[in-house]
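Undergrad: Below is a structure I'd like to ask you about.
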Amino acid sequence: MIKLLGAIFYVAVVYDVVVTAQHSKRPNISETFVAEVDVGAVYKMPQVNSWGTWKRDYKKNMGYESSQHNEFVPHFYETWRRYDMGVVYNMDSILDTSLNGTSLLTGSCTHYDLTGHLPNLFGFLANATYIGMQYFEIFDWKLHMWGVNETGFEVAVGVMEDPSRPYILRRRQPGQDLTYYFFNSFNGSTNAVTAADFAVPKECMKSTP
Numbered sequence: 065m066i067k068l069l070g071a072i073f074y075v076a077v078v079y080d081v082v083v084t085a086q087h088s089k090r091p092n093i094s095e096t097f098v099a100e101v102d103v104g105a106v107y108k109m110p111q112v113n114s115w116g117t118w119k120r121d122y123k124k125n126m127g128y129e130s131s132q133h134n135e136f137v138p139h140f141y142e143t144w145r146r147y148d149m150g151v152v153y154n155m156d157s158i159l160d161t162s163l164n165g166t167s168l169l170t171g172s173c174t175h176y177d178l179t180g181h182l183p184n185l186f187g188f189l190a191n192a193t194y195i196g197m198q199y200f201e202i203f204d205w206k207l208h209m210w211g212v213n214e215t216g217f218e219v220a221v222g223v224m225e226d227p228s229r230p231y232i233l234r235r236r237q238p239g240q241d242l243t244y245y246f247f248n249s250f251n252g253s254t255n256a257v258t259a260a261d262f263a264v265p266k267e268c269m270k271s272t273p
């Protein structure tokens, strides 16, 4: 999905809310899903600066991500993580907004080899502890936060009453800024994705030796 909102940056103010652990079940989130995701890095406060779609089929070892960045020259990035083929494909397209509506100009495609399996995005929850409830003002979300914090690595997820529906994924790698992933929608049903969701464009396939 492509949407044009101009150079938008909005702040997600976070408040801690006192609550007991008995009020939250440990999240149990599907690794196969489709979701609309806003992404924001934290400098002094959380700011959303890109948005896109995530699709994952954990059993079939495939993933897809798109993200739109409304920079001086708006870009639309796509990544096909085809672990089943041993290749990652990346496409960088420029958004043409000069006419009525939004369209993609021809993008450039690159690829590289990879091995292993599609990472388990929510696997950390098996060892997560309950952090507490936090309120995200911009979305009016009150979320139960579960996470792991070990030697500079921090990862946490926020849910409401349904432990299978994430609203926020928060991550920080050593030496990096804290990053928030806001799940505006999340479908983790067994038929959430199909093979067509991970089809690599012909122009990218042609770049593979």
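Every number in my numbering is 64 more than the matching position in the sequence shown, counting from 1. Idealized CB from N, CA, C, for every residue including glycine.
Going by CA-CA distance only, name the one from 131, 158 and 125 that's closest to residue 152.
TA: Stepping through the sequence shown from its first residue, residue 152 is reached at position 88. Scanning 131, 158 and 125 for the CA closest to the CA of residue 152 turns up 125.
Undergrad: What are the start and end residues of each continuous beta strand (DSSP E) run of 3 or more residues lying completely inside the segment 170-218, in chain order?
TA: 172-177, 193-200 and 205-214
Undergrad: Helix, strand or coil, according to DSSP, for residue 220 in the structure here?
TA: As a position in the sequence shown, residue 220 is number 156, starting the count at 1. Note: residue 220 maps to strand in three-state DSSP.
Undergrad: Using 8 Å as the Cβ pair cut-off and three pairs as the minimum, do the segment 184-196 and the segment 206-216 touch?
TA: With a cut-off of 8 Å, the segment 206-216 and the segment 184-196 count as touching, because enough Cβ pairs lie within range.
Undergrad: Between residue 154 and the rest of its own chain, which residues show a CB-CB distance below 6 Å, the 5 nearest in sequence each way excluded?
TA: Counting from one through the sequence shown, the residue named residue 154 turns up at place 90. By the criterion of a C-beta distance shorter than 6 Å, residue 154 is surrounded in its chain by 143 and 174, once the five residues flanking it on both sides are discounted.
Undergrad: Is it the case that the Cβ atoms of residue 237 and residue 222 are separated by a distance below 9 Å?
TA: Taking the first residue of the sequence shown as 1, we reach residue 237 at position 173. Taking the first residue of the sequence shown as 1, we reach residue 222 at position 158. Cβ distance not < 9 Å, so residue 237 and residue 222 don't count as in contact.
Undergrad: Alpha carbon to alpha carbon, how far is residue 141 from residue 199?
TA: Translated into positions along the sequence shown, residue 141 becomes position 77. Translated into positions along the sequence shown, residue 199 becomes position 135. Approximately 31 Å, taken between the alpha carbons.
Undergrad: Nearest to residue 226 by CA position, among 252, 98 and 157, is which residue?
TA: What you label residue 226 is simply residue 162 of the sequence shown in a count that begins at 1. Considering only alpha carbons, the answer is 252.
Undergrad: Quick one: residues in its chain with C-beta nearer than 7 Å to the C-beta of residue 250, no 5 flanking neighbours on either side, listed in chain order?
TA: As a first step, residue 250 is located in the sequence shown; it is residue number 186 there, counting from the start. Excluding sequence neighbours, residue 250 sits near 97, 99, 229 and 230.
Undergrad: Closest to residue 88 by CA distance: which of 214, 189, 224 and 103 is it?
TA: For the purposes of this step, residue 88 is taken as residue 24 along the sequence shown, with counting starting at 1. Among 214, 189, 224 and 103, the Cα nearest to that of residue 88 is on 224.
Undergrad: Hey, out of 218, 268 and 183, whose CA is closest to residue 122's CA?
TA: Numbered from 1 along the sequence shown, position 58 holds the residue referred to as residue 122. Nearest option by C-alpha distance: 183.
Undergrad: At what residues does the alpha helix (DSSP H) containing residue 129 begin and finish?
TA: Numbered from 1 along the sequence shown, position 65 holds the residue referred to as residue 129. It is not in any alpha helix (DSSP H) - residue 129 instead sits in the beta strand (DSSP E) that spans 126-133.
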